[in-house]
Amino acid sequence: MSTNNKASPNKSHCHFIIFGATGNLVSEKLLPALYELDATGQLEPALRFVAFARREMSTAQWVESMQEMLAKKLPQPPAPAILEQLCARFDYVAGDYTSPAAYAEIKTLLGRTGDNCDSTVFYLAIPPNDFHEVITQLHNAGFSGVDNRHRIVVEKPFGEDIDSARRLNTHLHKYFSEEQIYRIDHYLGKETVQNLLVFRFANTLIEPIWNRNYIDHVQITVAENHGIEGRAGYYDHAGALRDMLQNHMMQLLSVVAMEPPAILDADALRDEKVKVLRSIRPIPKRGVNNFAFRAQYAAGHIDRAAVPAYSAEDGVAENSTTETFVAAKFYIDNWRWSGVPFYLRTGKRLAHKMSQISICFRHPPKQLFRETPVENLDPNWAILSLQPHEAMHLELHTKQPGLGMDIRTTKLVASYRKENEKGSDAYETLLLDIMEGDRSLFIRFDEVEWSWRVVDPILRHWSLDTEFIHTYPAGSWGPDEAARLFDSESHTWRNHL
Ligand code: BG6
């Protein structure tokens, strides 16, 4: 995690080229983050952007569409002066990613703004299939080099399986040094994810119980209530396992399960995360169904509004068996976690948006309460809620007032943010880091590789079975069949804070 203090940023002039400018990532995440950064004075006055995409349009038309996107996406109407300032930073280039002419045009644009540019960032917000070609073209156009002036940002998923990830990495390294490569996983930019480290390692009372002696099982849930939002072209090929589990969720699992690093340094943290990934028990080829479950949303209701099935979304292939829901079980075979199941679950069109890590502690011995009305003592839970609630909850049992021995659950809540405190969105943090050349929140290749290793048996198994997929109504918590992964009848999905 970043050990930088963002209060005194060390900025440098730079050009920022966004490949795939008309895509969903740009409208959903990058533009709103850039607006916030500009509004808070964090973008250098000389910073210029080039929006590059296949769609034919002029810079004026791009600016117009950018204004529309921001108006839709920002929580408040954009301030006209900031909007004008941000839009004035942009040029738009239309072209094919495979055409050298487009890169020549970018070069001309960069030349026109003088020589005050210390670095140029190439942000690949494009479908993974286009990565190879764009990397080659960047090199051919003279944008690689070894002096670290050029930085390349690769969005996830990094590859589509372990082999393609290795090929992509080799290809990148042909033209760029490791210091120039930024493999992004925006979950690491979330403040609440960074807070997990503080929760674990800055509180003396947590660490001694954070192991198999006290913890019964761990659940990691990233639930979304929206659908694929016009991204069928990418999503129908990727599915939830590649889109969310291999990257965001494996990162969460590593942060929850890792050993304390010797120092709070990016590489020391990465080393510890890799140790966790390496300790995950390989899923046996013949037993995949005991460890992973997939499903796809059928028509249903979200916030009382009817929504279509995944199979009826624009651009989804007929009879597609792409999963929009995945649940998986992992064991981390090390001294700390041996025997503790980690259940991971993510899905689109679920009941509501909720990302949380739920830690279920072991049952206390009941004998003390044998002769009292307390029959079923619930276990204690620690809930590390990342979004939309940003808080840690610890559930404790307390006696109810009165003569009898009745027990109720009381929550101790540690909110991440106080009223009126404003944090940074993950993309704001990460974009600033890229501009400043700080790679500490970005992923090292061995993390990517080991995550692929873990999920590869699941991918292979599912790729052989393209006939059938379970479904769940949009607006539900996924199919009941996902419960088949549980080791014990007492385990159930925790769907609330
Ligand atoms: C992206 C996935 O990486 O993360 C999307 O491609 C997903 O499918 C998104 O919706 C979730 O991010 P967040 O920050 O909204 O939890």
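Taking this note's numbering, the leading residue of the sequence shown gets 753, the next gets one more, and so forth. Glycine included, C-beta positions come from ideal geometry on N, C-alpha and C. No experiment lies behind these values; they were computed from the predicted model shown.
* **residue 883 (DSSP reduced to helix, strand or coil)** => In the sequence shown, the residue the question calls residue 883 occupies position 131. Helix at residue 883.
* To do: List the DSSP bridge partners of residue 1107.
  => Along the sequence shown, one-based indexing puts residue 1107 at 355. According to DSSP, residue 1107 bridges with 974 and 1139.
* Cutoff 6 Å; reference residue 1100; Cβ partners in own chain excluding five residues on either side -> Within the sequence shown, the letter at position 348 stands for residue 1100. If we look at residue 1100 and ignore the five residues flanking it on each side, its Cβ neighbours are 976, 979 and 1076.
* Asked: Does the region 1152 to 1162 touch the region 1117 to 1136, meaning 3 or more C-beta pairs lie closer than 8 Å?
  -> yes
* To do: Would you mind sorting residue 1220 into buried or exposed? The rule is 16 or more other CB atoms within 10 Å of its CB.
  => Counted from its first residue, the sequence shown places residue 1220 at position 468. Classification for residue 1220: exposed.
* Which class does residue 762 belong to by DSSP, given the choice of helix, strand or coil? -> Taking the first residue of the sequence shown as 1, we reach residue 762 at position 10. No answer about residue 762 holds up, because its pLDDT of 45 lies below 50 and its placement is not dependable.
* To do: Please name the residue in 861, 1116 and 970 whose C-alpha comes closest to that of residue 802.
  => In the sequence shown, the residue the question calls residue 802 occupies position 50. It is 861 whose Cα lies nearest to the Cα of residue 802.
* So, using beta-carbon positions, are residue 1051 and residue 1230 closer together than 8 Å? -> Numbered from 1 along the sequence shown, position 299 holds the residue referred to as residue 1051. Numbered from 1 along the sequence shown, position 478 holds the residue referred to as residue 1230. Their beta carbons are not under 8 Å apart, which means residue 1051 does not touch residue 1230 by this criterion.
* Asked: Is residue 1107 near the ligand BG6, going by C-beta to nearest heavy atom under 7 Å?
  -> Position 355 of the sequence shown, counting from 1, holds the residue named residue 1107. Answer for residue 1107: yes, Cβ within range of the ligand BG6.
* Using the rule of at least 16 other Cβ atoms within 10 Å of the residue's Cβ for burial, across every protein chain shown, is residue 760 buried or exposed? -> As a working mapping, residue 760 is identified with position 8 in the sequence shown. Because the pLDDT at residue 760 is just 39, under 50, the model does not fix this residue reliably, and the value given afterwards should be weighed accordingly. That one is exposed.
* Kindly indicate which three-state DSSP category residue 888 falls into: helix, strand or coil? => As a working mapping, residue 888 is identified with position 136 in the sequence shown. Residue 888: helix per DSSP, three-state reduction.
* Are there 16 or more other CB atoms within 10 angstroms of the CB of residue 1165, so buried, or fewer, so exposed? -> For the purposes of this step, residue 1165 is identified with residue 413 of the sequence shown, where counting begins at 1. Exposed, since its Cβ has fewer than 16 Cβ neighbours within 10 Å.
* In its own chain, which residues sit with a C-beta less than 7 Å from the C-beta of residue 1069, not counting the 5 before and 5 after it? -> Taking the sequence shown and counting its residues from 1, one reaches residue 1069 at position 317. Taken in chain order, the residues that qualify are 988.
* To do: For residue 811, name the three-state secondary structure that DSSP assigns.
  => Within the sequence shown, the letter at position 59 stands for residue 811. In the structure shown, residue 811 sits in a helix (DSSP, three-state: H, G or I).
* Identify the residues that DSSP records as bridge partners of residue 872: which are they? -> In the sequence shown, residue 872 corresponds to position 120, counting from 1. 767 and 902, per the DSSP bridge assignment.
* Asked: Taking the alpha-carbon positions, what's the residue 895 to residue 923 distance?
  -> Residue numbering aside, residue 895 sits at position 143 when the sequence shown is read from its first letter. Residue numbering aside, residue 923 sits at position 171 when the sequence shown is read from its first letter. Roughly 15 Å between the two C-alpha positions.
* Evaluate contact between the region 840 to 850 and the region 793 to 807, counting only Cβ atoms and requiring at least three cross-stretch pairs below 8 Å. => yes
* Asked: What separation, rounded to the nearest whole angstrom, lies between the Cα atoms of residue 1245 and residue 893?
  -> For the purposes of this step, residue 1245 is identified with residue 493 of the sequence shown, where counting begins at 1. For the purposes of this step, residue 893 is identified with residue 141 of the sequence shown, where counting begins at 1. If you take the alpha carbons of residue 1245 and residue 893, they lie about 52 Å apart.
* So is the beta-carbon of residue 1000 under 7 Å away from any non-hydrogen atom of the ligand BG6? -> Counting from one through the sequence shown, the residue named residue 1000 turns up at place 248. Yes; taking the cut-off as 7 Å, the Cβ of residue 1000 has a heavy atom of the ligand BG6 nearer than that.
* Pick out whichever of 962, 913 and 1083 has its Cα sitting closest to the Cα of residue 1036. => Position 284 of the sequence shown, counted from the start, is the residue given in the question as residue 1036. When each option's Cα is compared against that of residue 1036, the closest is 1083.
* To do: Could you check if residue 1092 is buried or exposed, using at least 16 other CB atoms within 10 Å of its CB as the buried criterion?
  => The residue labelled residue 1092 in the question sits at position 340 within the sequence shown. The residue is buried, with at least 16 neighbouring Cβ atoms inside 10 Å.
* Asked: Within 7 Å: the Cβ of residue 1139 and any heavy atom of the ligand BG6?
  -> Start at 1 with the first residue of the sequence shown, and residue 1139 comes out as number 387. Yes; taking the cut-off as 7 Å, the Cβ of residue 1139 has a heavy atom of the ligand BG6 nearer than that.
* To do: Using the Cα positions of residue 1252 and residue 981, report the straight-line distance between them to the nearest angstrom.
  => The displayed coordinates of the chain run from 753 to 1249. Any statement about residue 1252 would go beyond what the structure contains.
* Pull up the distance between the alpha-carbon of residue 864 and that of residue 789, whole angstroms please. => Translated into positions along the sequence shown, residue 864 becomes position 112. Translated into positions along the sequence shown, residue 789 becomes position 37. Answer to the nearest angstrom: the Cα atoms are 25 Å apart.
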